[in-house]
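Engineer:
Numbering (my numbering), first residue to last: 381 to 693.
#1: Assuming residue 408 and residue 459 are in contact, meaning their beta carbons sit under 8 Å apart, how far apart are those beta carbons, in whole angstroms?
#2: Buried or exposed: residue 411, going by 16 or more other Cβ atoms within 10 Å of its Cβ?
#3: Pick out the complete alpha helix (DSSP H) segments inside the segment 563-626, 4 residues or longer, and give them in chain order.
#4: Between residue 681 and residue 435, is the Cβ-Cβ spacing less than 8 Å?
#5: Applying the criterion that 16 or more other CB atoms from any shown protein chain within 10 Å of the CB defines a buried residue, is residue 687 buried or exposed?
#6: Exposed or buried, which one is residue 570 when buried takes at least 16 other CB atoms within 10 Å?
#7: Relative to the C-alpha of residue 424, which residue among 476, 580 and 418 is closest?
#8: In whole angstroms, give me the CA-to-CA distance for residue 657 and residue 609.
#9: Short of 6 Å in beta carbon distance, which residues of its chain neighbour residue 618, apart from the five on each side in sequence? Order them along the chain.
#10: When the Cα atoms are used, what is the spatial distance from residue 465 to residue 454?
#11: Determine contact between the segment 574-594 and the segment 528-548, defined as no fewer than three beta-carbon pairs at a distance below 8 Å.
#12: Tell me which same chain residues have a C-beta within less than 7 Å of the C-beta of residue 329, skipping the five on either side of it?
#13: Hey, residue 625 and residue 591: beta-carbon distance below 8 Å or not?
#14: Sorted by chain position, which residues of the same chain lie with C-beta nearer than 8 Å to residue 650's C-beta, five sequence neighbours on each side aside?
#15: Keeping to the same chain, check which residues put their C-beta closer than 8 Å to that of residue 629; ignore five residues upstream and five downstream.
#16: Please identify the residue among 462, 467, 627 and 480 whose C-alpha is closest to the C-alpha of residue 679.
#17: Rounding to the nearest angstrom, what Cα-Cα distance links residue 636 and residue 604 in this structure?
#18: Which runs of the alpha helix (DSSP H) fall wholly inside the segment 425-466 and span at least 4 residues, in chain order?
#19: Does residue 495 pass the burial test, meaning 16 or more other C-beta atoms within 10 Å, or should it be called exposed?
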């Protein structure tokens with residue numbers, strides 16, 4: 381994509397097409413191609429979770445220092461803790477956001493409740509979120525409570541695909557917002573399907589877009605013994621609406637190598653290889669996030685610059 385001029389004459393990979401007062405989504409049951417065409421181009425963004433700014437980045441300050449690099453905020457939130465001061469300050473400045481839920485099991489139909497949906501949509505609307513997204517698996521065991529919190533990947537089997545696709549459709553219909561399931565991080569995976577094939581099937585059955593986390597995918601490929609680009613030749617990159625990039629750290633346990641998704645600034649070569657492979661094919665990409673909320677500003681700018689260059693090609 382060629383860069384475009386933004387306010388102040390700075391070069392950016394996308395011009396924002398965002399109005400926080402307008403629901404950009406098409407009707408929930410319209411075809412994906414119609415719905416995605418109505419979504420805004422958000423550009424490069426940064427993620428945050430509840431009170432991460434106390435020991436890490438101030439997202440708004442980073443945006444003001446580098447508006448051409450940090451254009452939107454992905455707000456990681458759950459209903460128990462709500463929205464923190466950083467998320468509210470960003471929204472009050474009229475800047476673009478997305479809402480990343482941290483508290484629903486998309487693989488578990490009984491966990492998707494209308495009351496949760498209504499409260500989540502209210503929170504998302506209060507910050508002008510362009511869409512809903514989140515790791516698609518299990519965020520908790522038992523009742524929804526921080527004490528029961530755990531992030532587990534889905535079982536990589538066709539039955540799980542069907543269940544998750546039903547739940548994505550339900551959440552999209554109940555919320556009136558686009559819903560992007562994300563491939564979650566893990567050290568162990570169960571099931572016979574390749575992770576890329578699993579989420580490709582979810583996208584097809586739910587007729588939805590995807591949030592592709594390149595760092596999570598790189599970790600999956602490593603722990604399952606695959607090449608970083610395994611299965612991507614058959615992956616429907618046009619379904620990628622949002623992409624995540626994050627640092628990771630290798631560690632060994634009982635003779636096996638794993639990757640810790642630490643959101644540091646050291647992005648693994650395998651993650652970069654996936655990003656390089658998919659960005660040129662992701663024709664419906666609307667948002668690219670560097671997850672780096674617990675680092676210093678001077679440490680994260682070089683990666684934002686590299687990502688901006690990739691988008692501008």
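Glycine is no exception: its CB is placed at the ideal position from the N, C-alpha and C atoms.
Structural biologist: Well, looking at it:
#1: Wrong, their Cβ atoms sit about 22 Å apart, outside the cutoff.
#2: exposed
#3: 575-586 and 594-603
#4: Cβ distance not < 8 Å, so residue 681 and residue 435 don't count as in contact.
#5: buried
#6: exposed
#7: 476
#8: 8 Å
#9: 663 and 664
#10: 14 Å
#11: yes
#12: Examination of residue 329 is not possible in this model, given that the chain is present from 381 through 693 alone.
#13: no
#14: 598, 601, 602 and 608
#15: Taken in chain order, the residues that qualify are 639, 640, 642, 644 and 646.
#16: 627
#17: 11 Å
#18: 439-445
#19: When all chains shown are included, residue 495 counts as exposed.
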